[in-house]
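*Asks:* Mind looking over this structure? Questions follow.
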Amino acid sequence: MRKSEDVILKKKSISSYELIMFNLLPVAGAGLIDRIIMHPVDTIATTQQDKRLTLSNTVRTVFKSKGLSGFYVGFSQPFWWSVPIRIATYSTYLGVRDSLQASTTLTSTSIALIAGASSGCIESIVMCPSDGARTRETCNRNNVNNRGFLSTYRGFLPLLARTSIENTIALAGNDYMLKHLPDEISSNAITPYCTGTIAGMFSQVFAGPVDTVKTHVMNDIAREKNIFEHLSILRSEKSFFQGTSTKIIRTGIGTGLMLGTITLISNWVKSKTEKNEDKNMAYERAL
77 MRKSEDVILK KKSISSYELI MFNLLPVAGA GLIDRIIMHP VDTIATTQQD KRLTLSNTVR
137 TVFKSKGLSG FYVGFSQPFW WSVPIRIATY STYLGVRDSL QASTTLTSTS IALIAGASSG
197 CIESIVMCPS DGARTRETCN RNNVNNRGFL STYRGFLPLL ARTSIENTIA LAGNDYMLKH
257 LPDEISSNAI TPYCTGTIAG MFSQVFAGPV DTVKTHVMND IAREKNIFEH LSILRSEKSF
317 FQGTSTKIIR TGIGTGLMLG TITLISNWVK SKTEKNEDKN MAYERAL
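To convert, take the position in the sequence shown, counting from 1, and add 76; that gives my numbering.
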């Protein structure tokens with residue numbers, strides 16, 4: 077995350093304990109927190125995209141249909157999948173970024189593009205089934221349980237495009253801002269929340285319209301239209317940016333929450349581990 081304290085420790089070897097405590101545990105915790113807090117915003121954005129409503133009308137429609145519980149429709153699958161999704165996404169980005177920085181002479185822009193696209197690809201593969209189920213349940217579409225495994229990957233290509241754009245801009249943008257901020261600011265615990273929010277919001281200017289296409293393709297479980305026909309309809313209705321303002325809020329807050337929480341948990345675990353190591357060393361010296 078920060079220049080001096082990457083979540084993945086830069087060592088020649090890393091123990092299983094360190095891998096879990098310094099990387100997987102913080103990312104898993106951040107993924108669960110993000111899903112619990114931000115799921116209602118996902119529900120609002122998806123409903124906006126599907127029904128082409130304003131933000132206020134969407135909130136009223138969701139609340140009128142099922143009350144407060146309506147904002148958590150389709151929550152279970154994304155919640156349980158949030159841990160592997162975030163671990164796969166963030167670990168892929170850091171792994172590709174760090175390996176390219178260490179072994180190539182590529183520019184930072186090229187490395188960011190490759191790392192972002194790689195993490196977006198992995199994220200879309202892991203996420204598509206649960207995101208499709210959430211999208212269809214939110215929009216009251218029939219489930220695809222009896223349509224075969226491949227049907228769970230309906231909408232994969234627009235999801236792949238969205239996650240690649242989103243991760244490249246959000247994660248690389250966050251890295252860029254932290255790298256160019258003064259050390260006294262970048263080392264502050266609040267900073268990743270702020271830089272992540274800014275980078276996440278900016279990413280949706282480009283990824284938001286692609287997410288709208290993804291929603292419509294996922295909901296078309298009968299495959300009545302191909303992706304180009306959905307694009308043509310959205311273009312004619314000028315609906316590409318439907319729900320994008322909500323997605324900007326969701327991704328901005330969600331990215332800041334995730335990156336800030338990863339840093340917070342990682343630093344807390346690291347400080348506890350260092351204290352234990354210091355106690356062990358003091359005990360050994362006393363012997």
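Where is the CB? At the ideal position from N, CA and C, for every residue including glycine.
Over the uninterrupted alpha helix (DSSP H) stretch that includes G272, give me the two end residues.
*Replies:* Counted from its first residue, the sequence shown places residue 272 at position 196. Residues 267-295.
*Asks:* For the alpha helix (DSSP H) containing S132, name the first residue and the last one.
*Replies:* Here residue 132 refers to the residue found at position 56 of the sequence shown. Unbroken alpha helix (DSSP H) run through S132: 131-142.
*Asks:* Under the assumption that A193 contacts S240 (Cβ atoms under 8 Å), give the Cβ distance between them as a whole number of angstroms.
*Replies:* As a first step, residue 193 must be located in the sequence shown, where it is residue number 117. As a first step, residue 240 must be located in the sequence shown, where it is residue number 164. Going by Cβ atoms, the distance from A193 to S240 rounds to 5 Å, so yes, they are a contact pair.
*Asks:* Our contact map puts Q280 next to T327 with C-beta atoms below 8 Å; I'd like the distance itself, whole angstroms only.
*Replies:* Walking along the sequence shown from the start, residue 280 turns up at place 204. Walking along the sequence shown from the start, residue 327 turns up at place 251. Correct: roughly 5 Å between the Cβ atoms.
*Asks:* Compute the distance between the beta-carbons of R304 and L310, then report whether it is under 7 Å.
*Replies:* Taking the first residue of the sequence shown as 1, we reach residue 304 at position 228. Taking the first residue of the sequence shown as 1, we reach residue 310 at position 234. It is Phe, not Arg, that sits at residue 304 in the sequence shown. No, the pair does not count as a contact, with Cβ atoms beyond the cut-off.
*Asks:* According to the neighbour-count rule (16 or more other Cβ atoms, all chains shown, within 10 Å of its Cβ), is S195 buried or exposed?
*Replies:* Residue numbering aside, residue 195 sits at position 119 when the sequence shown is read from its first letter. The residue is buried, with at least 16 neighbouring Cβ atoms inside 10 Å.
*Asks:* Would you check if the region 324-338 and the region 103-117 touch, i.e. whether three or more CB-CB distances between them fall below 8 Å?
*Replies:* The region 103-117 vs the region 324-338: in contact.
*Asks:* Measure the C-alpha to C-alpha separation of R128 and Q318 and round it to an integer number of angstroms.
*Replies:* The sequence position of residue 128 within the sequence shown is 52, counting from 1. The sequence position of residue 318 within the sequence shown is 242, counting from 1. If I take the Cα positions, the gap works out to 6 Å.
*Asks:* Terminal residues of the continuous alpha helix (DSSP H) containing N302?
*Replies:* Indexing the sequence shown from 1 puts residue 302 at position 226. N302 -> no alpha helix (DSSP H), and no H or E assigned at all.
*Asks:* Which residues in the same chain have their Cβ closer than 6 Å to the Cβ of S91, if we skip the five residues on either side of it in sequence?
*Replies:* Numbered from 1 along the sequence shown, position 15 holds the residue referred to as residue 91. Confidence at S91 is low in this model, with a pLDDT of 49, below 50, so the placement of that residue is unreliable and no value is reported for it.
*Asks:* Closer than 6 Å by C-beta to A246: which residues in its own chain qualify, once you throw out the five before and the five after it? Chain order, please.
*Replies:* Taking the sequence shown and counting its residues from 1, one reaches residue 246 at position 170. Closer than 6 Å at Cβ, skipping near neighbours: A275, G276, S279, T331.
*Asks:* Can you find at least 3 beta carbon pairs, one from the region 144-156 and one from the region 199-218, that sit closer than 8 Å?
*Replies:* Result yes; three or more Cβ-Cβ pairs closer than 8 Å.
*Asks:* Is it right to say T130 is buried, meaning 16 or more other beta carbons lie within 10 angstroms of its own, or is it exposed?
*Replies:* Here the question's residue 130 lines up with position 54 in the sequence shown. Its Cβ having fewer than 16 others within 10 Å, T130 is exposed.
*Asks:* Beta carbon of T288, beta carbon of Q177: below 7 Å?
*Replies:* Your numbering for residue 288 matches position 212 in the sequence shown. Your numbering for residue 177 matches position 101 in the sequence shown. In this structure, Q177 does not lie closer than 7 Å to T288 by Cβ.
*Asks:* What's the call for P285, buried or exposed, on a 16-neighbour Cβ count within 10 Å?
*Replies:* What you label residue 285 is simply residue 209 of the sequence shown in a count that begins at 1. P285 should be labelled buried.
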